[in-house]
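Start counting the sequence shown at 3; every next residue gets the next number (this note's numbering).
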Amino acid sequence: MNFNRLKFGATIGIIGGGQLGKMMAQSAQKMGFNVACLDPNPDSPCKSVADVFITAEYDDEEALNKLGQQSDVITYEFENISAQQLKQLTQQFNIPQSYQAIELLQDRLTEKQTLESAGTKIVPYVSLKDEKDLNQAIETLSYPFIVKTRFGGYDGKGQILVKNDSNVEEAKVLVSKHECVAEKFLDLDREVSLTVTIGNQKQIAYFPLQENEHRNQILFKTIIPARCDKEQEARKEVDKIIEKVHFVGTFTVEFFIDKSNHLYVNEIAPRPHNSGHYTIEACDYSQFDTHILAVTGQDLPQEIEILKPAVMMNLLGRDLDLLEDKFGDHPEWHVHIYGKTERKSDRKMGHMTILTNNVNETENEMLKQFKGRE
Ligand code: ADP
Ligand code: MG
Numbered sequence: 003m004n005f006n007r008l009k010f011g012a013t014i015g016i017i018g019g020g021q022l023g024k025m026m027a028q029s030a031q032k033m034g035f036n037v038a039c040l041d042p043n044p045d046s047p048c049k050s051v052a053d054v055f056i057t058a059e060y061d062d063e064e065a066l067n068k069l070g071q072q073s074d075v076i077t078y079e080f081e082n083i084s085a086q087q088l089k090q091l092t093q094q095f096n097i098p099q100s101y102q103a104i105e106l107l108q109d110r111l112t113e114k115q116t117l118e119s120a121g122t123k124i125v126p127y128v129s130l131k132d133e134k135d136l137n138q139a140i141e142t143l144s145y146p147f148i149v150k151t152r153f154g155g156y157d158g159k160g161q162i163l164v165k166n167d168s169n170v171e172e173a174k175v176l177v178s179k180h181e182c183v184a185e186k187f188l189d190l191d192r193e194v195s196l197t198v199t200i201g202n203q204k205q206i207a208y209f210p211l212q213e214n215e216h217r218n219q220i221l222f223k224t225i226i227p228a229r230c231d232k233e234q235e236a237r238k239e240v241d242k243i244i245e246k247v248h249f250v251g252t253f254t255v256e257f258f259i260d261k262s263n264h265l266y267v268n269e270i271a272p273r274p275h276n277s278g279h280y281t282i283e284a285c286d287y288s289q290f291d292t293h294i295l296a297v298t299g300q301d302l303p304q305e306i307e308i309l310k311p312a313v314m315m316n317l318l319g320r321d322l323d324l325l326e327d328k329f330g331d332h333p334e335w336h337v338h339i340y341g342k343t344e345r346k347s348d349r350k351m352g353h354m355t356i357l358t359n360n361v362n363e364t365e366n367e368m369l370k371q372f373k374g375r376e
């Protein structure tokens, strides 16, 4: 059935014009679709590629309607949009991803409850409504634990690691301002993630398991294939999640592996994800290509193949300061620069993917290049 299958020339409306929106747009345009994009920042990365660009806040109802009227399908590049507004929009416009994933996953508490009810293994946690609940966290989880705001966090923003009594005051301040969750801070062996695309006829395309290193809670590098044997277990966890939550398009499940080799689901990003950027060069389909295929109602590839193992390094502002003079000497780096106007030390300005027959060697070479960087 070709239900809601869009033909080239159709317009894809993207809520959010950051790097994810831009790379989605580039995949869409390659396939012959037009792109309309809504973002409050007139200088956002997607501005330079979108056919139509609407400068407006994400909750601007009139602007969202305008985007809908100009689009044959609406998608989004990030989860912090209003689930309520998305729900209203779904009554009027074609939004195959719908609002349920956003509603459940933009709140860390309902996300954890959803993961529990799906039967996946997650890290022990306590809900923190106010400061008093911190005692409960100390008792149930014991130190160290990590406090995270329920809403709006990304790249470690809105998180405090509570190592001992001396950090409790800081955590109290956060909890007094925002509802939070506390979760046991694990001694990690490694982090991995699995990117998956679901088609509008429930077809499933799994990308290979990705091994991620974070520094200061921001993704530093991704290595493919992951150097551990957790791929099948991770897929099974993803399958449980798919049973519970409606997905169409690309999403990523982040996992922790502790020192006892236990796999825990950390969180779900209901959109293309930083740890899947390597797919542009290293796989036969990128996570953006499959996202566009899914939301426009096309079939999905049955298997995604790794064309070559790869190391993906993020390029924050501080990394550009360190490395940009070297780009010209390294055509093998496959550099992507997103086009953000202001460079900040911790801001994701771009990334690069290095294809390799020996990920360990390439990882060591890259670590030398990034030497001295926190
Ligand atoms: P974000 O939404 O900012 O990505 P995460 O919950 O994924 O939030 O946290 C960011 C990073 O912080 C993780 O990828 C991991 O490196 C570290 N981290 C978060 N929670 C824990 C935990 N419970 N135990 C160990 N490390 C953690
Ligand atoms: Mg994360």
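Don't be surprised by glycine CBs; every beta carbon is placed ideally from N, CA and C.
Query                                                                                                                                                                                              : Result
Could you tell me which uninterrupted beta strand (DSSP E) segments, each at least 3 residues in length, are contained entirely in the segment 220–283, listed from first to last along the chain? : 220–226, 251–260, 265–271
Hey, is residue 188 close to ligand 1, as in C-beta under 7 angstroms from one of its heavy atoms?                                                                                                 : yes
For residue 74, does the three-state DSSP call read helix, strand or coil?                                                                                                                         : coil
If we call anything under 8 angstroms between Cβ atoms a contact, is residue 69 one with residue 38?                                                                                               : yes
Pull up the distance between the alpha-carbon of residue 350 and that of residue 283, whole angstroms please.                                                                                      : 19 angstroms
Would you say residue 256 and residue 193 are within 8 angstroms of each other, going by their C-beta atoms?                                                                                       : yes
Kindly give me the distance between the Cβ atoms of residue 378 and residue 197, rounded to whole angstroms, as I take these residues to be in contact under 8 angstroms.                          : This structure cannot settle anything about residue 378, because the visible part of the chain is limited to 3 through 376.
Considering just the uninterrupted stretch of the beta strand (DSSP E) at residue 163, what are its terminal residues?                                                                             : 161–164
Using 8 angstroms as the threshold, is the segment 19–28 in touch with the segment 285–295, meaning 3 or more CB pairs across them?                                                                : yes
By the three-class DSSP mapping on this structure, what secondary structure does residue 314 have?                                                                                                 : strand
Ignore the nearest five residues each way along the sequence and tell me which others in residue 3's own chain have a CB closer than 8 angstroms to its CB.                                        : Interpretation of residue 3 is limited by its pLDDT of 49, a score under 50 that renders its predicted location unreliable; the figure taken from the coordinates is listed afterwards. Here the set comprises 203.
Give me whichever residues DSSP pairs with residue 147 in a beta bridge.                                                                                                                           : 164, 186
Are the segment 238–254 and the segment 126–137 touching by the rule of at least three beta carbon pairs closer than 8 angstroms?                                                                  : no
What does the Cβ neighbour count give for residue 19, buried or exposed, with the cut at 16 atoms within 10 Å?                                                                                     : buried
Which residues in the same chain have their Cβ closer than 8 angstroms to the Cβ of residue 260, if we skip the five residues on either side of it in sequence?                                    : 188, 189, 190, 191, 266
When DSSP labels each residue in this structure, what does residue 93 get in the three-state scheme?                                                                                               : helix
Which two residues bound the contiguous beta strand (DSSP E) that contains residue 41?                                                                                                             : 36–41
Buried or exposed, going by whether 16 or more other CB atoms sit within 10 Å of the CB of residue 358?                                                                                            : buried
DSSP three-state call for residue 50: helix, strand or coil?                                                                                                                                       : helix
For residue 212 and residue 226, which I take to be in contact (beta-carbon distance under 8 angstroms), what is that distance rounded to the nearest angstrom?                                    : 6 angstroms
Which same chain residues, not among the five before or five after residue 239, have their C-beta less than 6 angstroms away from its C-beta?                                                      : 122, 267
By how many angstroms is the C-alpha of residue 334 removed from the C-alpha of residue 92?                                                                                                        : 43 angstroms
So residue 17 and residue 298 are in contact, right, with Cβ under 8 angstroms, and what is the actual spacing, rounded?                                                                           : Not quite, the Cβ-Cβ distance comes to about 16 angstroms (not below 8 angstroms), so this is no contact.
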